[in-house]
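Using our numbering, you'd call the opening residue of the sequence shown number 2 and step up by one each time. Worksheet for the structure shown next.
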Amino acid sequence: MSWQATILTLFPDMFPGPLGLSLAGRALGGGVWSCQTHDLRQHGLGRHRAVDDTPFGGGAGMVIRADVVDAALSAIQAPEGAPRVFLTPRGRPLRQQDVSRYAQGPGVVLLCGRFEGVDERVLEARGIEQVSIGDYVLSGGETAALVLLDACVRLLPGVMGSDESGVEESFSDGLLEYPHYTRPASWDGRDVPEVLLSGNHAAIAAWRQKQAEEITRERRPDLWSAWLDRRERNEAAAGRSGQSGRTGV
2 MSWQATILTL FPDMFPGPLG LSLAGRALGG GVWSCQTHDL RQHGLGRHRA
52 VDDTPFGGGA GMVIRADVVD AALSAIQAPE GAPRVFLTPR GRPLRQQDVS
102 RYAQGPGVVL LCGRFEGVDE RVLEARGIEQ VSIGDYVLSG GETAALVLLD
152 ACVRLLPGVM GSDESGVEES FSDGLLEYPH YTRPASWDGR DVPEVLLSGN
202 HAAIAAWRQK QAEEITRERR PDLWSAWLDR RERNEAAAGR SGQSGRTGV
């Protein structure tokens, strides 16, 4: 069975979009994953297929109705166990560990909001995860859905050319990735770090680790703090394990 992306949206023509090209596109054509869209407008009410209404309590904008979303969720055929995700700036930040979890499952169901969002009751009733791709507001959830899908599809078996490509990259171990260089060795008065030309794999690995730590500390202090905490916990656990394994003489 291929990994299945099921997207509930008012704009199904936006998919697969850029995911029909490059690695994701080849994987889509090869059956590694599939992209199923479902038009929320099919479940709209009245002659104009209305999917939204004014918010209780007043305020600007419109809200997508709970009954419309519920009907759409009941109509789709998604793989059993596929998580349901609502793309919204109100959600928790999307992390690489979330992407890995989604990619390791049978697929994902993505709900793309518009207007002021979706009635909270259907999100609660249907156990829908709320996820954000960043601290900014988009016109709708479709662009965010494309981002999430791109991150997932590249992790599916056989999509990337090298298995190592998904391991040695930003966020894989909690740090940002080290910088990369290629030919020519000297360009515009700037030389490639000598260690990368040395052929000493241990020295190269140490240099890359140091670079990853320095870049993370400088650019993402939140990730750096979390990484330090995790390292301390691992070292403490290793120390306890070592002590419990000692035997008396």
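In this text, a Cβ means the ideal position worked out from N, Cα and C, and glycines have one as well. Bear in mind that the values here come from a model prediction, so they are computed numbers and not experimental data.
Sequence-distant residues of the same chain with beta carbon closer than 7 Å to residue i, five excluded per side
i, result
"residue 197", "182, 205"
"residue 66", "52, 53, 54, 120"
"residue 26", "20"
"residue 15", "143"
"residue 38", "8, 10, 13, 16"
"residue 230", "none"
"residue 94", "133"
"residue 244", "none"
Same chain, Cβ closer than 6 Å to residue i, five either side skipped, listed in chain order
i, result
"residue 179", "209, 212, 213"
"residue 50", "42"
"residue 186", "193"
"residue 111", "8, 86, 146"
"residue 57", "none"
Residue from the options whose Cα sits closest to the Cα of residue i
i, options, result
"residue 87", "109, 75, 48", "109"
"residue 90", "147, 131, 13", "131"
"residue 23", "176, 215, 225, 161", "161"
"residue 125", "70, 40, 244, 8", "70"
"residue 82", "28, 32, 217, 127", "127"
"residue 122", "102, 155, 64, 136", "64"
"residue 157", "11, 102, 39", "102"
"residue 18", "62, 176, 150", "150"
"residue 35", "49, 48, 50, 6", "6"
"residue 172", "242, 111, 99, 241", "99"
"residue 96", "224, 234, 232", "224"
"residue 77", "186, 241, 40", "40"
"residue 220", "45, 177, 200, 236", "177"
"residue 129", "105, 139, 74, 152", "74"
"residue 152", "105, 195, 112", "105"
"residue 45", "72, 240, 232, 218", "72"
Burial state of residue i, where buried means 16 or more other Cβ atoms lie within 10 Å
i, result
"residue 184", "exposed"
"residue 145", "buried"
"residue 4", "buried"
"residue 250", "Caution applies to residue 250, whose pLDDT of 38 falls short of 50 and renders its modelled position unreliable; the value that the coordinates give is listed next. Label assigned to residue 250: exposed."
"residue 137", "exposed"
"residue 28", "buried"
"residue 188", "exposed"
"residue 118", "buried"
"residue 79", "buried"
"residue 1", "Because the chain here runs from 2 to 250, residue 1 falls outside it and cannot be looked at."
Residue interval of the beta strand (DSSP E) (run including residue i)
i, result
"residue 39", "34-40"
"residue 205", "Where residue 205 is concerned, there is no enclosing beta strand (DSSP E), although the alpha helix (DSSP H) it sits in stretches over 202-220."
"residue 115", "Per DSSP, residue 115 belongs to no beta strand (DSSP E) and is neither H nor E."
"residue 121", "Where residue 121 is concerned, there is no enclosing beta strand (DSSP E), although the alpha helix (DSSP H) it sits in stretches over 121-126."
"residue 132", "130-133"
"residue 186", "Where residue 186 is concerned, there is no enclosing beta strand (DSSP E), given that its DSSP letter is neither H nor E."
Residue span of the alpha helix (DSSP H) that contains residue i, given as start and end
i, result
"residue 26", "23-30"
"residue 97", "97-105"
"residue 85", "Note, residue 85: premise wrong, no alpha helix (DSSP H); beta strand (DSSP E) at 85-94."
Cβ separation of residue i and residue j, assumed to be a contact under 8 Å, to the nearest whole Å
i, j, result
"residue 107", "residue 2", "7 Å"
"residue 134", "residue 148", "5 Å"
"residue 227", "residue 175", "6 Å"
"residue 114", "residue 141", "7 Å"
"residue 116", "residue 59", "The Cβ separation is near 15 Å, so there is no contact."
8 Å Cβ shell around residue i - same chain, five flanking residues per side excluded
i, result
"residue 32", "3"
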